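In full-length UniProt numbering, the protein residues as written are 45 to 722.
Virtual Cβ for every residue (Gly too), placed ideally from N, Cα, C.
Small disclaimer: the values here were computed from a predicted structure and weren't measured.
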Amino acid sequence: AEDGYDLWLRYRPLPETQAAVYRSHAAQLVLPVATPTQQATRDELLRGLGGLLGHAPAVASAVDRDGAIVVGTPASSPAVAALKLDVRALGRDGYLIRHAVVDGHAVIAIVGQDDVAALYGAFHFLRLLQTAQSIDHLDVREATRMSLRVLDHWDDLSGHVERGYAGNSIWDWQKLPDWLDPRYIDYARANASIGINGTVLNNVNANAAILTPLYLDKVKALAGVFRPYGIRVYLSVKFSAPIEIGGLKTADPLDPAVQRWWRAKADEIYALIPDFGGFLVKANSEGQPGPQDYGRTHADGANVLASALASHGGVVMWRAFVYSQHNTDDRAKQAYTEFKPLDGKFAANVLLQVKNGPIDFQPREPFNPLFGAMPKTPLMMEFQITKEYLGFATHLVYLGPLFEEVLRADTHAKGNGSTVAKVIDGELDGHTLTGIAGVANIGTDRDWNGSDFNQANWYAYGRLAWNPQLSSRVIAEEWVRATFSNDEAFVKRVVDMMMLSREAVVDYMTPLGLHHLMGKGHHYGPAPWDASGPRADWTPVYYHRADHDGIGFDRSHTGSNAVAQYAPPIAAEFDDLKTIPDAYLLWFHHVPWSYRMRSGRTLWDELVMHYTQGVDDVKQMRATWQALDGRIDAERYRKAAVFLGIQEKEAQWWRDASIAYFQSLNGLPLPAGYAPPP
Ligand code: GCU
């Protein structure tokens, strides 16, 4: 049955004409099988070629016919060594795929820097076939500037996934380390296929128990499954662990006993897991303990952990997601205010992990002003793949355009073209330790992600982690071909639908720079009227500031002046009503309902128009999908069709609730073209 389990690694038979061409290039497979990674590479090629082409080529130890596929490194494969390539020139995790002649026979060579790079090359080759590319003239050369390409699981040890909408945690802690669910291997395959090379197993709201021997044995077992696929494990740690599981009276980072404790803990972990990746830390944020509890800085805290890990090659990923109810300043400013002065104070193996925007994974935010503002510190991007604020599992929202918009944003930190992508890939400030994290949308659902289309977000994240310059449309097309079909008309229509989906959700939830209007706590559905609860900065009214006269959060120089955290050209652009892009208007400005937009409409009319547009876009997405009934299997067709129905209802709910609420404040007539529900 087509239950989505195979993700984009479906490998269903290609049409015979296409398969026949490919078969002539896949007459034989010549690769080493001495190591687990080499065996994984062989297994994947046999599975992929067998599935796509109808039968798998024979594995041989030397080339003895034309049309062989030769895979490996110069060290692992005599056939590759004979090509006399300078693999060091390939770059980080780099590989090439090209035609060559070995022992007088025409072959396709898939050559990597090391075993894992060769595995990446094998996945790339399979993708060419899956997406119906010509392989007659191959000249692929790939490398990445991003050293850490990580998934963050917000998985609790109880099996619950914080902000997870695809079932429970796939880590079966109770049965580990003895029982290794085969799903762990499929997880590793999927990640390796897109170049993800790290996984943080547990929630940033961490449980100190993960660092006890009982759990470390389980972590070791998972690390063993992932190692052949080039994936390292990391753990979220709780800053108070020295107290909670270490029996100390304090977790003060400057206390020698605390420092010894962390060093001993790191030594213990590395004795079990020699390639352990390091720690992720949420400290002094939303109630989590941290160095400030002892009057120390984030850098003091991060550096103690970093020093414990350094001799083992581990890193600390320290999160910049902090904001305090005791700080009455604009929440959007707090991370910058707190971290910018610490630039240059972090140890060399610390990365600062910064959410893409200054608030919290909204459908649209301007880029986080920390990007470009801390040149002496490697900044790691944190995206959210799970759709906490974008309709959970059911809404079809392809996040590729959101990721791309942030990565391409120009910080102007060092003149024009100082894009966020160049900040995180190290190019702008000369960092070689670089990283990106995506909060995973993975759970125990058969389809892994709560819907088939959510798989595209995992896929797009991985592809952009490898190369932050890729186009989200190109990625969507790859994904549709590998996941559904190479039928050109189908591909075109589904990619168009996906590319529309992100703007649709912005329009029906939070158009024109509005943000954080979701219901408190769960973050599902509209609640712009909500002013209740313990903290102002958790209530929608804090963010939209609407009243009878106008709407929007004044972050210009007349308001919180958050604009001043951006480099001067951006600060000037965002500060000025004449230049602020419509998309960010109400993020940075409070304007009257009668404000004249560039379109000539009033703000009120424009707002209603956007809400209406969002619903219309979902209707169009739904109609697009309905017209494709019969082009793919009934199971996956039907699930997406039903989910689009849910999305349409909920888009209407967002539109009608939001318009009714804002109208209750401003008392203005509804513009023509919008009729409220009966
Ligand atoms: C959001 C989210 C929390 C999460 C937090 C974080 O606030 O709602 O569930 O813990 O971000 O990223 O730390």
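In its chain, beyond the 5 residues on either side, R675 have a beta carbon closer than 8 Å to the beta carbon of D531. Boundaries of the alpha helix (DSSP H) harbouring V549: 532-553, taken from the DSSP string. From the listed residues Y209, A417, L709, P715, the smallest Cα separation to E382 is found for A417. Counting the other Cβ atoms within 10 Å of the Cβ of S516 gives 16 or more, which makes it buried. Of all C-beta pairs linking the region 537-550 to the region 561-570, fewer than three are shorter than 8 Å, placing the two stretches out of contact. The shortest CA-to-CA distance from I468 to any of M424, D200, D619 is the one to M424. Look at the region 557-591 and you find these whole runs of alpha helix (DSSP H), each 4 residues long or longer: 584-588. Separation of Y552 and Y433 (C-alpha to C-alpha, rounded to the nearest whole angstrom) is 12 Å. Bounds of the alpha helix (DSSP H) holding L170 are 159-174. Between P57 and G98, the C-beta gap is smaller than 8 Å, which places the two residues in contact.
From the listed residues R171, D593, I254, the smallest Cα separation to L96 is found for R171. Fewer than three pairs of CB atoms, one per stretch, sit closer than 8 Å, so the region 211-227 makes no contact with the region 158-176. Of the candidates S708, P300, H181, the residue whose Cα lies closest to the Cα of P572 is S708. Following the DSSP letters along the chain, one finds H654 in no beta strand (DSSP E) but inside the alpha helix (DSSP H) bounded by residues 647-670. Taking a 10 Å sphere around the C-beta of E312, we find fewer than 16 other C-beta atoms and assign the residue as exposed. When only Cα atoms are considered, S576 and H634 end up about 22 Å apart. DSSP places D299 outside both helix and strand once states are collapsed to three, so it counts as coil. Our two residues, P286 and A379, have alpha carbons roughly 26 Å apart in a direct line.
Contact check for F323 and L279: beta-carbon distance about 6 Å, within the 8 Å limit, so the pair qualifies.
Taking all protein chains in view, the Cβ of V103 is surrounded by fewer than 16 other Cβ atoms within 10 Å, so the residue is classified as exposed.
Between V114 and V146, the gap from beta carbon to beta carbon is short of 8 Å. Using a C-beta cut-off of 8 Å, the region 357-365 makes contact with the region 383-403, since at least three inter-stretch Cβ pairs fall below that distance. Annotation for A704: P720 place their beta carbon closer than 8 Å to its own, counting only its chain and skipping 5 residues before and after. Here the C-alpha atom of Q499 lies approximately 40 Å from the C-alpha atom of P297. Between the region 324-332 and the region 239-253 there are three or more inter-stretch CB-CB distances shorter than 8 Å, so the stretches are counted as touching.
Looking at G435, G594, V607, P713, the one whose alpha-carbon comes closest to that of Y568 is G435. For Q513, the number of other beta carbons within 10 angstroms of its own is below 16, and it is reported as exposed. It is roughly 12 Å from the alpha-carbon of T583 to the alpha-carbon of R375.
A direct Cα-to-Cα measurement between A45 and G487 gives close to 19 Å. Beta-bridge analysis with DSSP links L195 to T243, G482.
For S368, the secondary structure class from DSSP, reduced to helix, strand or coil, is coil. Between G291 and the set N485, R507, T256, the nearest pair of CA atoms involves T256. A distance criterion of 7 Å places the beta-carbon of F436 beyond contact range of the ligand GCU, judged by its closest non-hydrogen atom. In the three-state scheme derived from DSSP, where H, G and I count as helix and E and B as strand, P636 is classed as strand. Between L414 and Q609, the alpha-carbon positions lie close to 8 Å from each other. Annotation: the continuous alpha helix (DSSP H) that includes E694 extends over 678-710.
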